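Peer 1: Shown below is the structure under consideration.
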Amino acid sequence: MTKEDITKKTLAETLIKVNKYSLSRHEKYFSWLKNILTISVGLLGILVSLNSDKITDLYTFISFISTILFLGLGILFGAILLYNEVYIQSQLLNHSKKNGRRLLDGKGIKVFSVIRRHWFFSLSEIICLSSYLISLISLITYSIFKVYDKGILM
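Taking our numbering, the leading residue of the sequence shown gets 465, the next gets one more, and so forth.
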């Protein structure tokens with residue numbers, strides 16, 4: 465084997481590993497996102513259904529409403545972000561179709577191509593994660609105000 469053959473073989477092996485790790489990361493990310501969405505929907509349902517007390521304190525009310533609001537935003541943008549999985553698969557399908565056409569035309573195929581995420585999905589990810597963080601902080605402050613309002617900390 466020549467040095468050029470060894471380089472091509474090493475490059476091919478590296479590209480296969482990159483593709484394998486990329487797909488593995490992609491699957492784990494969307495699995496994590498699905499779990500977070502499931503937990504969030506459950507938490508939202510529990511918060512709304514179990515809040516039977518009338519909230520009289522303004523700070524407690526604001527923290528409760530902000531928890532519900534940001535949890536809802538996190539769920540909404542998380543669902544939009546989950547659609548990114550479908551978007552990526554359709555981009556991969558289009559790439560395969562183009563390679564098939566190139567083969568029929570007698571041209572070479574593109575072995576490696578980068579599929580970029582649409583800007584809206586990147587924005588959705590930022591909004592989703594920020595909303596979850598803010599809702600977690602709001603939930604903690606709501607709990608503190610609720611305990612303080614009942615006089616347990618006095």
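Cβ coordinates follow ideal geometry from the N, Cα and C atoms, glycine included. None of these values were measured; they are calculated from a predicted model.
Output yes or no for whether 9 Å exceeds the beta carbon distance between THR524 and ASP613.
Peer 2: yes
Peer 1: How close, in whole Å, do the beta carbons of PHE548 and PHE528 come, if the pair is a contact with beta carbons under 8 Å?
Peer 2: The question names Phe, yet the displayed sequence has Asn at residue 548. Contact flag wrong, Cβ pair sits at about 31 Å.
Peer 1: Can you tell which of ASN483, ILE510, LEU540 and SER607 has its C-alpha closest to the C-alpha of ILE590?
Peer 2: LEU540
Peer 1: Pick from LEU546, LEU475 and THR466: whose alpha carbon is nearest that of ASN499?
Peer 2: LEU546
Peer 1: Any idea what DSSP makes of ASP569, helix, strand or coil?
Peer 2: coil
Peer 1: Which same chain residues end up closer than 7 Å to ASP521 when comparing Cβ atoms and leaving out the 5 residues on each side of it in sequence?
Peer 2: PHE609 and ASP613
Peer 1: If we ignore side chains and look at the alpha-carbon of each, how far apart do THR474 and GLY509 end up?
Peer 2: Taking the straight line joining both Cα atoms gives about 53 Å.
Peer 1: Measuring CB to CB, does ILE579 end up less than 9 Å from ILE552?
Peer 2: yes
Peer 1: Using a Cβ-Cβ cut-off of 8 Å (strictly less than) and excluding sequence neighbours within five positions of LEU567, which residues of its own chain qualify?
Peer 2: Taken in chain order, the residues that qualify are ILE573.
Peer 1: Anyone know if the C-beta pair for LEU535 and CYS592 falls short of 9 Å?
Peer 2: no
Peer 1: Short of 7 Å in beta carbon distance, which residues of its chain neighbour LEU556, apart from the five on each side in sequence? Order them along the chain.
Peer 2: Within the same chain, Cβ atoms closer than 7 Å to the Cβ of LEU556 are found at ILE579, the five residues on either side in sequence being excluded.
Peer 1: At which residues does the alpha helix (DSSP H) containing ILE598 begin and terminate?
Peer 2: 583-613
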